[in-house]
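Structure first, commentary second.
In this note's numbering, the protein residues as written are 1246 to 2000.
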């Protein structure tokens, strides 16, 4: 039980004397004042003995009181926070790497239990601190000491170690109390390889030192494990893609391994040199000519002295979409940007392109590319808009769309799962009558709030969100987009933007070449809207990115790839595949055994007859489970279910959606049983040293913790604020008595006729 904290009671220690001036000055002053008092007494005594004697006594008492006050009598008052007990948070690593038997024939967690946080050590610490025991692996949770004492190995079952995040979480829970500290006991492994410097900086900023105890050594396990995932969520027919293979290995550095890829009857072999880092990556190219889901078996040949062979293979599923992406370009004021954009998209063989342009007041022009058996007129009605996957807007939209068409376009994105791109900023003239009406209708789908006026000659720079976007990823686009935008011309003209809508992600900002250099205005943005997605290039002049000067010849193809990748990113990255009214999305196509995953179902419209979709989950043995789908709040038709595979292998997820296109969807899920915590067991003392030494704490080895208690105790004592001195003259009643005493002496002198 913690001790009560008395905030209103001052706890006094022994008297202390702190003269305000040197003692000789005080003694000299008292002597002079005493001599004056005696002179007055001698002068008056012959005529008025009683009054003279009384006044002498009062004056001597006053002189003595003033001398006492000047001597600085005071007592130390303990601060309220000194009455509190400091808190010690103990964080114990409970990941499965702590089961490694490399501590005197004991597991790491068993050794820690008996030698680092044994009962005697905890008893001593409890005498100095209020102790909170926490366990951490993938998350932080309370640690029950009784269970740790009886079965320590049963506690260490975490499949990963989020060391940095767990310590940050513990730091955030520590209040601003003097003397608090955190003790971290771990083998130093961090599954995310997060920088420990940021953890130490956070602890130092909160004045909470980290004391760390490292346990374990360099493991002798010889093993390898293979992990593989598709590099693209979806592919189009004949589109190149890839599978990313990671080989985690220990004790095998410098050897050459063979990775095999099997698809149907075809088997390809890829030799790979295992590096020193413990993780080696390989990208395997794939390509399929037809629509469907394709299964690839990826395996690693057994290596000499390898301990576990079950984790040497994995199954990967890749989706190939059924048809091309259908794109509609609407341009009411044709200019270079729209012309170059259309030419660029026509080069992509996986797009069906319809371009509708209002060339003049009386003439409308339509150009189609790879379009089969579809109207080339402006869509009219929900079904005709649904023929397209994405709509790209230019300028002068008031010359093409009436109010009804504009409302249908907004519904196409909000309810129909379509996607929209503003390719030249504000797509209509808000000063015109029809443009004003479009402004009212389309305001909800616009990702920014438009201002008035324009800026000329702006440079464009990516934001951190832009650099991490899959649209502009160098792996996807083949160029460093940030560097390319720095070298290429920026926007020629751009309408002023007053702000972004809630939920808008700013991918790039524009900066005027003249004027103040502030944070810039949004230049390229994206936003989710209803069941669709919106993107916008908010300026004009990007057609120049296609015309390259000699020094920028290495950027040839950048403009075409940028636009092609934007279209794919929006359509393939959305909820629905092209041409479908229903979508089944799994949070992962490859999942570790024991990890739950989410299945989400999206409908573009209410199913015919009011029948709700249903979901079945089939395990590798063929057992079928009916999975409950829960409707999510909101106007959109979205459902969610949680899947919890209990066995490793290939599982089938089967969706029935009567009345929708298609009425059935199937997806395969690969569940693997690979535990890197048992594979990569080498301890990492450097991470623990960085955390401790850069936060103001200390690092200890588990076998050498004799000084741990004394250092924690020293920290608590050193952080206590010295007691505050309360001087006697700070008491109001003392001054009141002195003033009353002086007043009485003056009154008596006047009363008896003395001056």
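All residues carry an ideal CB built from backbone N, CA and C; glycine is no exception.
message = One question on the structure: do residue 1863 and residue 1894 come within less than 8 Å of each other, judged by their Cβ atoms?
response = Contact: no.
task = Taking only the alpha-carbon atoms, compute the straight-line gap between residue 1393 and residue 1358 and give it to the nearest angstrom.
result = Taking C-alpha positions only, residue 1393 is separated from residue 1358 by approximately 7 Å.
query = Given residue 1790, which residues of its chain have a CB within under 7 Å of its CB, disregarding the five upstream and five downstream residues?
reply = Excluding residues within five positions, the ones whose Cβ falls inside 7 Å are 1733, 1803 and 1804.
key: Ordered list of alpha helix (DSSP H) runs contained in the region 1890 to 1927, each at least 4 residues   = The region 1890 to 1927 contains these whole alpha helix (DSSP H) runs: 1921 to 1924.
query = Considering only residues of the region 1702 to 1779, which uninterrupted alpha helix (DSSP H) runs meet the minimum length of 4 residues and lie entirely inside it, listed in chain order?
reply = Counting only runs of 4 or more, we get 1709 to 1713, 1719 to 1722 and 1726 to 1732.
Cross-strand partners of residue 1847 (DSSP beta bridge) = Looking at the DSSP output, residue 1847 shares a beta bridge with 1828 and 1883.
ask   = Roughly how many whole angstroms lie between the Cα atoms of residue 1449 and residue 1360?
value = Residue 1449 and residue 1360 have their C-alpha atoms roughly 28 Å apart.
inquiry  = My output table needs one value for residue 1418: the three-state DSSP class, helix, strand or coil.
reply    = Here residue 1418 sits in helix by DSSP.
query = Who are the near neighbours of residue 1494 in its chain, counting only those whose CB is closer than 6 Å to its CB and skipping five residues on each side?
reply = Excluding positions up to five away in sequence, the list reads 1469 and 1519.
request  = Name, in chain order, the residues that DSSP records as bridge partners for residue 1563.
outcome  = Looking at the DSSP assignment, residue 1563 forms a beta bridge with 1539.
ask   = Are the Cβ atoms of residue 1299 and residue 1993 separated by less than 8 Å?
value = Yes, the pair counts as a contact, with Cβ atoms nearer than the cut-off.
key: Top-ranked residue by Cα proximity to residue 1886, from 1847, 1908, 1879 and 1852   = Looking from the CA of residue 1886, the closest CA among 1847, 1908, 1879 and 1852 belongs to 1847.
request  = Specify, as a first and last residue, the run of the beta strand (DSSP E) that residue 1666 falls within.
outcome  = From DSSP, the beta strand (DSSP E) with residue 1666 extends over 1664 to 1667.
ask   = Would residue 1636 pass as a contact of residue 1693 if the rule is Cβ separation under 8 Å?
value = No. Outside cutoff.
request  = My understanding is that residue 2001 touches residue 1489, with C-beta atoms under 8 Å, so please give their C-beta distance in whole angstroms.
outcome  = What the structure shows of the chain is the stretch from 1246 to 2000, and residue 2001 is not part of that stretch, so it cannot be assessed.
task = Can you have a look at residue 1740 and say buried or exposed, based on whether 16 or more other CB atoms are within 10 angstroms of its CB?
result = Residue 1740 is buried by the Cβ-count criterion.
ask   = For residue 1645 versus residue 1601, is the C-beta distance shorter than 8 Å?
value = Result yes, Cβ atoms of residue 1645 and residue 1601 sit closer than 8 Å.
task = Inspect the beta-carbon positions of residue 1936 and residue 1429 and report whether they are closer than 8 Å.
result = Yes, these two residues count as a Cβ contact at 8 Å.
query = What are the complete alpha helix (DSSP H) segments, minimum 4 residues, inside the region 1792 to 1818?
reply = Fully enclosed alpha helix (DSSP H) runs of 4 or longer: 1803 to 1817.
inquiry  = So for residue 1628, helix, strand or coil by DSSP?
reply    = The three-state reading of DSSP puts residue 1628 in helix, counting H, G and I together.
request  = Give the straight-line distance between the Cα atoms of residue 1800 and residue 1703, rounded to the nearest whole angstrom.
outcome  = Approximately 20 Å between the Cα atoms of the pair.
task = Note down the Cα distance separating residue 1784 from residue 1653, rounded to an integer number of angstroms.
result = Computed Cα separation, rounded: 25 Å.
inquiry  = Could you tell me the alpha carbon to alpha carbon distance between residue 1562 and residue 1476, rounded to whole angstroms?
reply    = So the alpha carbons of these two residues sit roughly 11 Å apart.
request  = Could you tell me how far apart the beta carbons of residue 1896 and residue 1424 are, in whole angstroms, since I believe they sit closer than 8 Å?
outcome  = So it is not a contact: roughly 53 Å between Cβ atoms.
message = Any contact between the region 1569 to 1581 and the region 1597 to 1614? By contact I mean 3 or more CB pairs, one from each, below 8 Å.
response = The count of Cβ pairs closer than 8 Å, one atom from the region 1569 to 1581 and one from the region 1597 to 1614, reaches three, so the stretches are in contact.
task = Compute the distance between the beta-carbons of residue 1928 and residue 1459, then report whether it is under 8 Å.
result = A contact, by the Cβ cut-off of 8 Å.
ask   = Alpha carbon to alpha carbon, what distance is there between residue 1333 and residue 1327?
value = Low local confidence applies: a pLDDT of 47 at residue 1327 is under 50, so the model's placement there is unreliable, and no value is given.
task = Work out the CA separation of residue 1650 and residue 1685 for me, nearest whole Å.
result = Cα to Cα, residue 1685 sits roughly 13 Å from residue 1650.
query = What is the C-beta distance between residue 1710 and residue 1752, in whole angstroms, given that I count them as a contact (C-beta under 8 Å)?
reply = For residue 1710 against residue 1752, the beta-carbon gap comes to about 6 Å, under 8 Å, which counts as contact.
request  = Put residue 1934 into one of helix, strand or coil per three-state DSSP.
outcome  = In this structure, residue 1934 counts as helix in the three-state DSSP scheme.
message = So the candidates are 1339, 1780, 1755 and 1386; which of them puts its Cα closest to the Cα of residue 1749?
response = When 1339, 1780, 1755 and 1386 are compared, the shortest CA-CA separation from residue 1749 is found for 1780.
Closest Cα partner of residue 1918 within the set 1744, 1286 and 1472 = Ranking the options by Cα distance to residue 1918, first place goes to 1472.
query = Alpha carbon to alpha carbon, what distance is there between residue 1555 and residue 1337?
reply = CA-to-CA, the gap between residue 1337 and residue 1555 works out to about 30 Å.
inquiry  = Rounded to the nearest angstrom, what separates residue 1680 and residue 1909 at their Cα positions?
reply    = Distance between the alpha carbons of residue 1680 and residue 1909 is about 43 Å.
inquiry  = I need the boundaries of the beta strand (DSSP E) containing residue 1513, first residue and last residue.
reply    = Residues 1511 to 1518.
ask   = For residue 1730 versus residue 1770, is the C-beta distance shorter than 8 Å?
value = Result no, Cβ atoms of residue 1730 and residue 1770 do not sit closer than 8 Å.
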